[in-house]
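Chains as they are written, first to last, in the numbering used here: chain E, 1 to 112; chain A, 113 to 226.
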Amino acid sequence: KAGVTQTPRYLIKTRGQQVTLSCSPISGHRSVSWYQQTPGQGLQFLFEYFSETQRNKGNFPGRFSGRQFSNSRSEMNVSTLELGDSALYLCASSLPGNEGYTFGSGTRLTVV
Amino acid sequence: DQQVKQNSPSLSVQEGRISILNCDYTNSMFDYFLWYKKYPAEGPTFLISISSIKDKNEDGRFTVFLNKSAKHLSLHIVPSQPGDSAVYFCAARASNFGNEKLTFGTGTRLTIIP
């Protein structure tokens with residue numbers, strides 16, 4: 001079966017711009033979570049969506065937002081980009097109560 | 113505050129020997145623990161997990177041990193193989209309904225020396 005698909009794989013943006021990242025979960029998975037990975041910080045939880053509702057949110061500023069569509073696909077948006085937003089953004093999907101996520105390959109965002 | 117800690121950023125082990133990766137946590141609400149493996153330019157892949165009702169779970173070359181009183185878990189890889197070279201993340205979850213959030217450690221880079 002198809003895995004979690006994230007697009008685009010790589011992105012370069014300038015400070016002050018905004019960006020939208022996309023995630024298509026595994027078919028049948030209704031929970032989608034987003035994480036930011038930066039060197040030395042591990043994976044930091046951004047938010048989780050389930051059935052189009054944000055169920056959990058991490059400690060990120062309001063510039064980071066997301067949404068989920070009725071087909072479970074999810075997008076995350078970062079507005080007014082800062083240099084520190086440069087990171088690998090990972091999306092993961094899961095079934096409720098499943099023991100683990102399945103991650104996508106991520107979107108590498110570079111802010112210049 | 114870092115609720116899940118992996119205090120060793122890196123570890124080198126000879127091929128064929130045992131690799132032991134450690135993880136500590138502080139949140140008593142965590143009751144499910146997972147290990148993920150990550151290669152560069154790829155997303156993490158699930159390796160093995162353990163519930164807090166157990167103290168050991170084994171899957172082939174991989175065994176995870178949980179010491180609840182010490183809030184410590186470890187991943188043992190025996191025997192270590194070159195393909196095991198990757199970054200390993202420990203993660204924890206408080207399994208109340210509706211909570212899929214995982215809290216990750218900062219990772220340990222494992223290098224297997226041929």
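Every residue, glycine too, gets a C-beta built ideally from N, C-alpha and C.
Contact of F142 of chain A with chain E is not assigned, every C-beta pair being separated by 7 Å or more. For S31 of chain E, same chain residues with a beta-carbon under 6 Å away, outside a window of 5 residues either side, are F50, S94 in chain order.
Around the Cβ of Q41 of chain E, a 10 Å sphere holds fewer than 16 other Cβ atoms; the residue is exposed. The beta carbon of N134 of chain A sits closer than 6 Å to the beta carbons of S186 from its chain, once the five residues preceding and following it are set aside; these are given in chain order.
Taking C-beta atoms under 8 Å as the contact rule, S122 of chain A and R205 of chain A fail to qualify, at a distance of about 26 Å. C-alpha of V116 of chain A to C-alpha of S27 of chain E: approximately 31 Å in a straight line.
Under the Cβ criterion of 7 Å, L146 of chain A is counted among the residues facing chain E.
When the alpha-carbon of L88 of chain E is set against those of E:P61, E:F103, E:E48, the nearest one is in E:F103. Within the same chain, Cβ atoms closer than 8 Å to the Cβ of Q18 of chain E are found at N77, V78, S79, T80, L81, the five residues on either side in sequence being excluded. The continuous beta strand (DSSP E) containing Q37 of chain E extends over residues 31-38. Taking 7 Å as the cut-off between beta carbons, the residues of the stretch 21-49 of chain E near chain A are S31, S33, G40, Q41, G42, L43, F45, E48, in sequence order. Using a Cβ distance threshold of 7 Å, V112 of chain E and T5 of chain E do not count as a contacting pair. Note on S197 of chain A: 16 or more other CB atoms within 10 angstroms of its CB, so buried under the neighbour-count rule. Contacts with chain E at 7 Å (Cβ-Cβ) include G219 of chain A. I160 of chain A and T218 of chain A have their C-alpha atoms some 17 Å from each other.
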